[in-house]
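Contents: one structure, followed by commentary.
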Amino acid sequence: MLLTRDMMHPYQNRSVDFICDVAGNVANGCALWLDMGLGKTVSTATAASDMLDDFTVGRVLIIAPKRVALTTWPLELRNWDHLMHLRFSVIAGTAKQRTAAILQRADIHIISRDNVQWLVRMVGRQWPWDMVIIDESSSFKSQSSNRWKALKAVLRAITRVVELSATPAPQGLIDLWAQFYLLDKGERLGASEKAFKKRWFMEDREKHLIVPRDFADEEIHTLVSDITMHMSAEDYLDMPEKIINKVEVDLPRDKLIHYQNFEREMILEMEELDLEVEADNAATLTGKLLQFANGAIYTNEARDWELLHDEKIEALKEIVESHAGYPILVAYNFKSDLARLQKAFPQAIVMDDDPDTQLRWNNGEIPILLTHPASSGHGLNLQKGSNVIVWFGLNWSLELYLQLIGRLYRQGQTQKTVVIHHIVARHTVDERVLRVVSQKEATQRELLEAVKMVA
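Residue numbers for the sequence shown follow my numbering, beginning at 19 and rising by one.
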């Protein structure tokens with residue numbers, strides 16, 4: 019049975035009106051920062067349909083993460099009666115298949131963000147899409163990325179841009195310039211990222227970081243508020259309670275001494291394992307320290323690894339036991355983590371692209387689902403399978419962190435709580451990662467709240 023437009027929620031209709039009013043009349047673009055579960059896909063598709071129907075725009079291009087482009091958008095366009103008249107074509111597959119999809123007569127073309135550079139190179143000056151929708155716009159936060167450069171090259175041919183994101187500023191305010199340039203060509207935040215940084219940021223020489231000036235938050239919030247709208251799931255949906263639990267583990271004393279020496283000297287030497295690992299720079303060292311904290315370390319470029327300890331594995335066993343067989347979603351960071359988890363938990367299944375895996379999980383048929391956050395961040399509904407997430411291995415990305423949690427913490431969650439366990443090795447880089455991600459989340463929350471207040 020098809021869904022009908024009168025079944026859309028009031029907050030979804032508000033999004034439709036905002037897109038049509040701002041991107042259709044007031045400005046050339048707008049940003050919708052909507053929490054996961056608020057139906058941004060159907061809202062944006064409805065706005066695009068209205069703008070196509072009244073000839074505000076002629077053709078629409080949707081750019082999205084691969085899984086979302088291939089499944090989520092086509093499914094929504096088929097599920098709603100008022101969108102059934104729209105002809106759409108998914109640009110995917112081999113180069114020949116993608117070219118054929120471009121040539122199909124369609125109101126809407128859908129493409130993975132990974133193919134944007136190819137698309138611009140193929141179409142060039144004959145760019146036919148006057149409206150572009152960027153789903154998960156934070157993937158365009160870097161002006162040095164090929165996809166951003168490619169889209170900028172055809173920006174003159176685009177009259178309407180709509181950006182969608184639940185995590186627009188995963189690294190803080192610094193992420194906003196490139197995204198807003200695609201919306202207004204530099205009108206609000208400056209014509210260049212250099213000017214943007216000079217006006218609102220300064221260098222913290224002690225921490226070797228670029229940090230916002232004291233007045234940056236308020237000024238940036240004010241400047242972008244007229245073309246930005248944020249809606250929080252907590253304001254519109256009956257959301258479960260979020261319970262966050264830190265499970266601390268201690269490395270064996272001898273391993274902690276090796277860890278501290280490695281952190282200080284950037285060389286790990288363990289005679290008992292006939293092991294020597296060297297970190298060439300600070301970034302490499304941080305990655306190696308995260309591996310060490312998890313329990314295994316890569317020993318060469320081929321990613322052979324050496325087992326160091328099983329403290330996190332033992333902690334996870336206790337968590338699994340405490341939940342008495344209830345399904346658990348486990349996030350890992352490195353392939354060495356995955357190999358060890360599969361050995362310790364032979365009943366576990368690895369998340370993949372097979373739709374049957376998602377179906378089995380939501381049916382409660384998988385006791386432990388192992389996933390890398392980058393593989394399960396966008397376009398997956400996993401909330402019916404469990405309400406328990408365990409972070410076996412942490413990483414620095416707020417976007418991946420929030421997106422994965424949003425697979426369970428969303429509308430449709432059948433439990434009253436969502437439990438998030440962080441397994442943290444004490445006196446290691448784990449503690450810093452968790453602290454930094456929390457700080458990033460607080461900064462983004464301030465930004466979203468500021469925009470929500472004026473929307």
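The beta carbon of each residue, even a glycine, is placed where N, CA and C say it ideally should be. Source: prediction; values computed, not measured.
Asked	Found
H327 beta carbon less than 8 Å from that of L269	yes
Residue burial classification, D153 (beta-carbon count within 10 angstroms, cutoff 16)	buried
Alpha carbon of V472 to alpha carbon of E332, nearest angstrom	With a pLDDT of only 40 at V472, under 50, the local geometry of the prediction cannot be trusted, and no value is derived from it.
T435 - partner residues in DSSP beta bridges	E259
Assigned exposure category for Q462 - 16 Cβ within 10 Å defines buried	buried
Span separating the alpha-carbon of N263 from that of Q115	47 Å
Segment limits, alpha helix (DSSP H) that includes L347	That residue, L347, is in no alpha helix (DSSP H); its beta strand (DSSP E) goes 346–349.
Complete beta strand (DSSP E) runs within the segment 375–438 (minimum length 3 residues, chain order)	386–389, 406–409
Sequence-distant residues of its chain with Cβ nearer than 8 Å to S160 (five each side left out)	W166, A196
Three-state class that DSSP yields for E296 in the structure shown	strand
Residues that DSSP places opposite E181 in a beta bridge	A49, I152
Backbone CA spacing between R271 and K458 [nearest angstrom]	32 Å
Three-way DSSP call (helix, strand, coil) for W145 in this model	coil
Those residues which DSSP pairs with T246 across a bridge	A49
N133 classed as buried or exposed, judged by whether at least 16 other C-beta atoms fall within 10 angstroms	buried
Local conformation of E252 per DSSP, three classes	helix
Reference H445, options E94, N351, G47, N279, closest by Cα	N279
Closest residue to Q123 among V108, V229, L412 (Cα-Cα distance)	Sequence check: residue 123 is Arg here, not Gln. Taking only the C-alpha atoms, the option nearest R123 is V108.
Range of the contiguous beta strand (DSSP E) that encloses L465	Segment 447–472 is the alpha helix (DSSP H) holding L465; no beta strand (DSSP E) there.
Cα-Cα separation between M54 and L291, rounded to whole angstroms	46 Å
Test item: CB-CB of L104 and I126 under 8 Å	yes
For K203, the three-state DSSP class (helix, strand or coil)	coil
Burial state of I228, where buried means 16 or more other Cβ atoms lie within 10 Å	exposed
Three-way DSSP call (helix, strand, coil) for S130 in this model	strand
For V180 and A59, the rounded distance between their alpha carbons	Reading off the sequence, residue 59 comes out as Thr, not Ala. Rounded to the nearest angstrom, the two C-alpha atoms are 12 Å apart.
Sequence ranges, alpha helix (DSSP H) only - wholly within the segment 93–127, length at least 4	113–121
Residues that K264 bridges to, as DSSP identifies them	H440
7 Å Cβ shell around L16 - same chain, five flanking residues per side excluded	As displayed, the chain neither begins before 19 nor continues past 473, which places residue 16 out of reach and without an answer.
Boundaries of the alpha helix (DSSP H) in which V34 is found, first to last residue	28–36
Closest residue to N31 among A45, N43, A66, A314 (Cα-Cα distance)	A66
Stretch-stretch touch, CB-based, cutoff 8 Å, three pairs: the segment 32–45 with the segment 228–239	no
CB-CB length for L347 against L387, believed under 8 Å	5 Å
Coil, strand or helix - E319 by DSSP	coil
CB contact flag (V265, H439, <8 Å)	yes
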